[in-house]
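Trainee:
Number of protein chains: 2
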Amino acid sequence: MRIGELSRRTSTSRRLLRYYEEQGLIAADRAPNGYREYDERFVDRVLQIRGLLDAGLPTRIIRQILPCLDKPRTIYFPDATPEMLATLRHERDRMTERIRFLTRNRDAIDDYLDAVIAYGGGDGGPDSDVGPRPAALT
Amino acid sequence: MRIGELSRRTSTSRRLLRYYEEQGLIAADRAPNGYREYDERFVDRVLQIRGLLDAGLPTRIIRQILPCLDKPRTIYFPDATPEMLATLRHERDRMTERIRFLTRNRDAIDDYLDAVIAYGGGDGGPDSDVGPRPAALT
DNA sequence: CTTGACCTTCACACATGTGTGAGGGTTCGA
DNA sequence: TCGAACCCTCACACATGTGTGAAGGTCAAG
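Below you can see the structure in the form of structure tokens.
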């Protein structure tokens, strides 16, 4: 497929797809006329990049960890230099930290939301169907 | 305490502390000479801001959710407008998504690392003490 | 009183992800 | 053959978080 279709299928602007390529995250090959040509696998790949980007990782890091994330665990290990393994460990730990932090704060928001609907009776939002109020608060 | 101490205690540059204030994330009061004056609570507060920032939330969102995250669940609910509750729900869901994504990818990295050390015997890094290799690979 | 360590505001600078548009080719159907 | 709908590269622009430094005020110790 060409860039327009990939763009549509990943909800990612053409501009960004070219940017990701420039950053070495994806490598499209070219049709004789110069157009980029992508195959199916790029859809998942781009989605994964978006996810990692959204999770706060910079392209520089994504470029390094992406090859290790191929779904069929390629038993053929690429050039895993010690520096790269160190980066991987470090990034893994950083992600674990992030997960902890996000979880803690997400739960705090959740608690707040629960408290608000228990207290004020909610606002008709999508969380209004949470079942019976705790006895102590009714 | 003044900005220098808060900076040291939170490993955050003075510049950023002023920036967070400008963004409405913290509100220091001023000594007669114009110096910012912070109390203990700001240490945690700043650390929390850093965490949320690192987790990928922009200051604009942090400003909204921070008041809901005060540790002693202040049963006194601030001006929780419906728009704000909607933001909160949306952001909570977004965080849940991020957590899912980060977890998935973190685990993938972890698996890769495990596979590498099982395969190549590791590189002497901090994960080398993971115990016996899986029987099938030794 | 001076020096040094603090503090203030202001402003320019930079990296990163992303938008936008100019200037110009290719392809395909009417 | 024309127009629409693609594609290309290049480049400037913007928001956000962050660094850095100038020009100057405050304060305590020597």
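Line by line, the protein sequences give chains A and B.
Position 21 of the first sequence, counting from 1, maps to 21 under UniProt numbering, and the rest follow consecutively.
Position 29 of the second sequence, counting from 1, maps to 29 under UniProt numbering, and the rest follow consecutively.
Beta carbons: idealized from backbone N, C-alpha and C, even for Gly.
Report back the beta-carbon spacing between residue 139/A and L102/B to the nearest angstrom; my notes put them in contact at under 8 Å.
Mentor: The requested residue 139/A is not part of the displayed model; chain A covers only 1 to 138.
Trainee: Which residues mark the beginning and the end of the alpha helix (DSSP H) in which Q64/A is found?
Mentor: Residue numbering aside, residue 64/A sits at position 64 when the first sequence is read from its first letter. Its alpha helix (DSSP H) spans residues 59-65.
Trainee: In the DSSP assignment, find the unbroken alpha helix (DSSP H) run with D40/B in it and report its ends.
Mentor: Position 40 of the second sequence, counting from 1, holds the residue named residue 40/B. Looking at the sequence itself, residue 40/B is Glu, so the reference to Asp does not match. Looking at the DSSP string, E40/B is not in any alpha helix (DSSP H), and its letter there is neither H nor E.
Trainee: Cutting at 6 Å between CB atoms, please list the residues of its own chain near G4/A, excluding the five before and the five after it.
Mentor: Taking the first residue of the first sequence as 1, we reach residue 4/A at position 4. Cβ within range, chain order: n/a, list empty.
Trainee: When you compare only the Cα positions, how much space is there between I62/A and R100/B?
Mentor: As a working note, residue 62/A is residue 62 in the first sequence. As a working note, residue 100/B is residue 100 in the second sequence. If you take the alpha carbons of I62/A and R100/B, they lie about 17 Å apart.
Trainee: Given a threshold of 16 other Cβ atoms within 10 Å of its Cβ, counted over all protein chains shown, does R106/A qualify as buried or as exposed?
Mentor: Along the first sequence, one-based indexing puts residue 106/A at 106. When all chains shown are included, R106/A counts as buried.
Trainee: For L25/A, collect the residues of the same chain with a Cβ closer than 7 Å to its Cβ; drop the 5 residues on either side in sequence, then sort them by chain order.
Mentor: Against the first sequence, residue 25/A aligns to sequence position 25. I49, T59, I62, R63, L66, listed in sequence order.
Trainee: Could you check the C-alpha separation between Y112/A and L53/B for me, to the nearest Å?
Mentor: Position 112 of the first sequence holds residue 112/A. Position 53 of the second sequence holds residue 53/B. Each residue's Cα considered, the two are about 20 Å apart.
Trainee: Taking just the CA atoms, how far does C68/A sit from S11/B?
Mentor: The sequence position of residue 11/B within the second sequence is 11, counting from 1. The sequence position of residue 68/A within the first sequence is 68, counting from 1. Cα to Cα, the separation comes out at about 32 Å.
Trainee: Could you list the residues in the region 50-66 of chain B with a C-beta less than 7 Å from some C-beta on chain A, going in chain order?
Mentor: The region 50-66 of chain B vs chain A, Cβ under 7 Å: G51, L52, D54, A55, G56, I65.
Trainee: Name the chain B residues that come within less than 8 Å of D114/A, Cβ to Cβ?
Mentor: Walking along the first sequence from the start, residue 114/A turns up at place 114. Under the 8 Å cutoff, chain B gives no residues; its nearest Cβ is about 10 Å from D114/A.
Trainee: Name the DSSP bridge partner or partners of R36/B?
Mentor: Start at 1 with the first residue of the second sequence, and residue 36/B comes out as number 36. Beta-bridge pairing links R36/B to R30/B.
Trainee: State the start and end residues of the unbroken alpha helix (DSSP H) segment that holds L16/B.
Mentor: Counted from its first residue, the second sequence places residue 16/B at position 16. It spans 14-22 - the alpha helix (DSSP H) in which L16/B sits, taken as one unbroken run.
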